[in-house]
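Engineer: Have a look at this one.
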Amino acid sequence: MRKPLTELPAYDRLRAHRGELEGVHMRTLFASDPERFEHFSCALDDLLFDYSKNRLVGHTIELLVELAEQAHLSAAIDAMFAGKHLNLTEGRAVLHVALRNRSEQPAYVDGRDVMPDVRRVLGQMRALTDAIGAGTWLGATGERITDVVNLGIGGSHLGPEMAVRALRPYAREVPRVHFVSNVDGADLVETLRPLRPQQTLFLVASKTFTTLETLTNARSARRWLLDGLALSGQGGAEAVSRHFVAITANVDEAVRFGVAAEHALELWDWVGGRYSLWSAVGTSIACAVGMDAFEELLTGAHDIDEHFRTAPLGQNIPVLMGLIGLWYHTFWGAESYAVLPYDQSLERLPAHLQQLDMESNGKRVRRGGEPLDGPLGAYGTGPIVWGAPGTNGQHAFFQLLHQGTRLIPCDFLAPAESERPLGDHHEKLLASCLAQTEALMRGRTREEVDAALTAEGLSPERVEALAPHRVFPGDRPTNTLLFRRLTPRTLGRLVALYEHKVFVQGVLWDINSFDQWGVELGKALTSDLLPELRAERGPGAHDGSTLGQLAYLAAAAASRPRPR
Ligand code: G6Q
């Protein structure tokens with residue numbers, strides 16, 4: 000069994016090293032190394048990863064790499080690519096890298112090459128999305144499909160929605176792609192309001208085909224279709240088979256729902272939900288941008304997979320991202336990190352990364368089951384992930400980043416060129432991005448504040464009163480990822496970087512990044528409560544708070560005027 004992180008030899012050395020760096024301002028680090036940017040940045044084609052604005056020196060990286068070696072990171076990477084059952088609690092391989100394997104190399108799960116299956120489904124996706132784009136996929140009344148609605152939640156929603164938004168400049172005019180995830184009927188009702196059933200195709204994306212939200216939405220969508228077409232019986236079944244496509248590992252259930260077997264696109268148990276946008280779950284992306292662009296997305300991810308698999312740990316971008324994050328979370332007590340894309344198209348990236356990271360690494364026991372708050376020594380695991388596009392965030396929460404009391408490492412992302420050039424907007428966007436990381440790093444000292452306020456003509460008393468509020472401590476860490484343009488290939492690269500970053504941290508923390516038992520309990524209690532809310536049975540053995548809320552809702556239901 001692997002030793003816990005806290006017992007690896009490099010762990011204590013890193014703790015001591017953190018003590019040495021305590022109080023050494025990043026300004027000093029930049030002043031003492033004129034080539035700091037060259038030393039702490041790396042490039043992969045047009046992608047630049049600048050990690051020089053961090054609380055680290057060369058020795059820090061050496062020690063972090065030692066820690067990674069002692070945690071057998073390289074062996075874990077090899078094991079993932081070899082299709083080993085890294086997801087121990089579910090007994091599954093973790094092989095999303097096979098979905099974007101653009102090489103001729105096989106990818107084995109349990110001794111079987113899965114690449115023929117992957118290529119078969121990619122072929123089905125191409126046929127389907129080409130037909131929709133060309134207007135040859137006809138609805139039940141013989142009209143072409145103009146709108147595609149993805150019904151899915153969590154991993155079957157966040158990644159595709161993020162990618163479709165990000166790639167809007169690459170989108171085809173038809174079909175328009177929409178997303179419905181929430182079981183709150185408002186989501187479906189508002190999305191369907193402007194659509195015509197005759198020209199709408201639903202993609203039911205559900206690996207299990209049992210998820211409450213998705214199946215509830217799918218049944219209501221089926222009702223909307225049949226009501227809209229005034230069909231039932233055989234005509235209804237025929238219409239459902241023309242207007243519904245399923246993406247699932249549970250084809251039988253999809254067929255029972257009414258999907259034609261040839262319209263059920265398969266995915267496999269070795270694809271985790273939050274890692275599934277590269278699979279048929281990405282059909283909504285391919286509908287929006289066409290299959291060629293979708294395959295470019297895969298190629299981008301494959302570029303990073305190759306880099307991750309082959310680059311030495313100290314020059315490996317996702318490894319560095321993982322180790323630097325771990326440096327702050329494990330050794331400096333940082334509880335969260337912010338993702339700040341200076342690109343409006345990436346507005347949903349923070350939400351996708353939130354699921355990717357928090358569902359993967361929000362774990363409290365080690366791979367062997369030992370609790371992390373047990374006798375072996377505590378350490379925190381997955382951070383809280385949050386963020387919003389710049390420059391909007393600057394006018395909202397950046398105050399806390401600059402002058403709050405918490406340490407929040409940030410990732411800034413920006414394209415050198417805009418996909419939607421407009422006057423000097425993009426220069427202003429980029430200047431803001433650079434200014435923020437510089438300000439976070441440098442801060443503004445008391446002396447600088449005093450001098451500035453005095454130069455403005457303020458009295459010494461006023462300077463004295465105001466100055467403490469105007470000081471910026473600086474020394475706030477940031478990574479910056481710059482890239483030429485946000486093409487499908489670049490987007491694939493960015494998402495894959497974060498996937499592997501999460502993997503690296505999971506390996507070092509010795510947790511299973513690939514299960515998600517934490518979502519189970521709430522699901523089970525929902526099924527218990529539903530019949531009670533519907534008053535099909537009396538309240539069960541709940542806590543006082545839950546009983547009080549049930550009573551409130553029962554009273555509200557009783558006082559509601561009955562529809563006539
Ligand atoms: C992701 C999770 C979870 C999952 C959803 C939807 O890794 O497993 O978010 O994607 O619960 O599940 P289905 O695709 O099975 O409907």
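Position 473 of the sequence shown, counting from 1, maps to 472 under numbering that gives the first Met the number 0, and the rest follow consecutively. For every residue, glycine included, the Cβ atom is placed at its ideal position computed from N, Cα and C. If you're wondering where the values come from, they're calculated on a predicted model, not measured in any experiment.
(1) Need the endpoints of the beta strand (DSSP E) that residue 337 sits in, please.
(2) In chain order, what are the residue ranges of uninterrupted alpha helix (DSSP H) at least 4 long that sit wholly in the region 52-86?
(3) Which residues does DSSP list as the beta-bridge partners of residue 480?
(4) For a test of your reading of the model: does the CB of residue 602 fall under 8 Å from any non-hydrogen atom of the ligand G6Q? Yes or no.
(5) Quick check on this structure: which residue in 273, 397, 225 and 282 has the alpha carbon closest to the alpha carbon of residue 257?
(6) Could you give the DSSP three-state label for residue 473: helix, strand or coil?
(7) Can you tell me whether residue 395 is buried or exposed? The criterion is at least 16 other CB atoms within 10 Å of its CB, across all chains shown.
(8) Beta carbon of residue 165, beta carbon of residue 348: below 9 Å?
(9) Regarding residue 197 and the ligand NAP, is the C-beta to nearest heavy atom distance less than 8 Å?
(10) Residue 27 to residue 149, Cα distance in whole Å?
(11) Assuming the contact rule is C-beta atoms closer than 8 Å, residue 53 and residue 316 should be a hit. Round their C-beta distance to whole Å, please.
(12) In the DSSP assignment, find the unbroken beta strand (DSSP E) run with residue 265 in it and report its ends.
(13) For residue 33, I'd like the list of residues in its chain whose CB is within less than 6 Å of its CB, leaving aside the five on either flank, ordered along the chain.
(14) Is it the case that the Cβ atoms of residue 145 and residue 285 are separated by a distance below 9 Å?
(15) Note the first and the last residue of the continuous alpha helix (DSSP H) segment covering residue 129.
(16) Taking a contact to mean a Cβ-Cβ separation below 9 Å, would you say residue 155 touches residue 275 in this structure?
(17) How many angstroms separate the CA atom of residue 429 from the CA atom of residue 29?
(18) Would you tell me roughly how many angstroms separate the C-alpha atoms of residue 119 and residue 431, rounded to the nearest one?
(19) Name the DSSP bridge partner or partners of residue 150?
(20) CB of residue 208 to nearest heavy atom of the ligand G6Q: below 8 Å?
(21) Pull up the distance between the alpha-carbon of residue 521 and that of residue 337, whole angstroms please.
(22) Return the bridge partner residues of residue 247 from the DSSP annotation.
Structural biologist: Reading from the atomic positions:
(1) 335-340
(2) 57-69 and 72-80
(3) 48 and 412
(4) Past the edges of the chain, shown from 0 to 563, lies residue 602, and the structure says nothing about it.
(5) 225
(6) coil
(7) Residue 395 is exposed by the Cβ-count criterion.
(8) yes
(9) Summarising the ligand content, the structure contains the ligand G6Q and does not contain the ligand NAP.
(10) 51 Å
(11) Contact flag wrong, Cβ pair sits at about 14 Å.
(12) Membership of residue 265 in the beta strand (DSSP E) is indicated by the continuous run 263-265.
(13) none
(14) no
(15) Following the DSSP letters along the chain, one finds residue 129 inside the alpha helix (DSSP H) bounded by residues 114-133.
(16) Going by C-beta atoms, residue 155 is nearer than 9 Å to residue 275.
(17) Looking at the two C-alpha atoms, the distance is approximately 22 Å.
(18) Using only the alpha carbons, I get a separation of about 46 Å.
(19) 179 and 203
(20) Remark: the C-beta of residue 208 is in contact range of the ligand G6Q, defined as less than 8 Å to any heavy atom.
(21) 27 Å
(22) 265
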